[in-house]
Amino acid sequence: STLDNSSGYYYHYNLYLASAYQSLARKAEDEETAREYYYRALECCENVLSQISPEEDLAVYENMYVTEADVYYSLGMETETIATYEEAERILGTSSASIYVNHLRLLYNKYKEKNPDVSSWNAPDIIKVYEEGSQVPGIADNFEWKPLVTNLQPLFEKNSGTVDTTTEAPNG
Numbered sequence: 778s779t780l781d782n783s784s785g786y787y788y789h790y791n792l793y794l795a796s797a798y799q800s801l802a803r804k805a806e807d808e809e810t811a812r813e814y815y816y817r818a819l820e821c822c823e824n825v826l827s828q829i830s831p832e833e834d835l836a837v838y839e840n841m842y843v844t845e846a847d848v849y850y851s852l853g854m855e856t857e858t859i860a861t862y863e864e865a866e867r868i869l870g871t872s873s874a875s876i877y878v879n880h881l882r883l884l885y886n887k888y889k890e891k892n893p894d895v896s897s898w899n900a901p902d903i904i905k906v907y908e909e910g911s912q913v914p915g916i917a918d919n920f921e922w923k924p925l926v927t928n929l930q931p932l933f934e935k936n937s938g939t940v941d942t943t944t945e946a947p948n949g
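Using this note's numbering, the letters of the sequence shown map in sequence onto residues 778 to 949.
1) Figure out for me which residue from Tyr787, Arg867, His789, Ala802 has the closest Cα to the Cα of Val913.
2) Mind checking Gly910: buried by the 16 CB within 10 Å criterion, or exposed?
3) Cutting at 6 Å between CB atoms, please list the residues of its own chain near Ala846, excluding the five before and the five after it.
4) Put Phe933 into one of helix, strand or coil per three-state DSSP.
5) Return the chain-ordered list of same chain residues with a C-beta closer than 6 Å to the C-beta of Asn824, the five sequence neighbours on each side being excluded.
6) Three or more beta-carbon pairs under 8 Å between the region 893-900 and the region 923-933, yes or no?
7) Is it true that the region 826-839 meets the region 798-805, where meeting means three or more beta-carbon pairs spaced less than 8 Å apart?
8) With respect to the alpha helix (DSSP H) encompassing Ala846, which residues constitute its N-terminal and C-terminal limits?
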């Protein structure tokens, strides 16, 4: 690990503080206070990400990116939310199911909020995240990925008709 005693303390401090600030923001009585807490959470996420590499602790690295994207989303900053997921996908490649699951869920919810009829969506961004995420080893069996893909089946069928999202045929 690249963390010595003092930087290890700073790392753990920021790790927990990011979560605490996010929680405080959600419970804040007014929007200005909430925004202030969210921005502090973002600073803590950046501090943690600057201190470790994915090779050192992939789960924490993924979690900080997901937290950062969630904070941007809570702030109503959609462009930054998407950019955060895309940056994490570039850095982590096919090593992170969590990033792709959360990115796909965000896009699914965004489209569904506007129109619940999945088959009517024009969503090349969802198809792109699905295709890239499908390259992650084992993601087809991920308990969060599977229902998203099932819900998106009408979109996939409309757009290509060739996207196979089934895992195995049931024994019968």
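Glycine included, C-beta positions come from ideal geometry on N, C-alpha and C.
With the structure as the only source:
1) Val913 has its Cα closest to that of Arg867, out of Tyr787, Arg867, His789, Ala802.
2) When all chains shown are included, Gly910 counts as buried.
3) The residues are Thr858, Thr861, Tyr862.
4) DSSP places Phe933 in helix when its eight states are reduced to three.
5) In the same chain as Asn824, and ignoring 5 residues on each side of it, the C-beta atoms closer than 6 Å to its own belong to Asn791, in chain order.
6) Enough Cβ pairs lie closer than 8 Å, so yes.
7) Judged by Cβ distances under 8 Å, the region 826-839 makes no contact with the region 798-805, as fewer than three pairs qualify.
8) Per DSSP, the continuous alpha helix (DSSP H) segment holding Ala846 begins and ends at 835-851.
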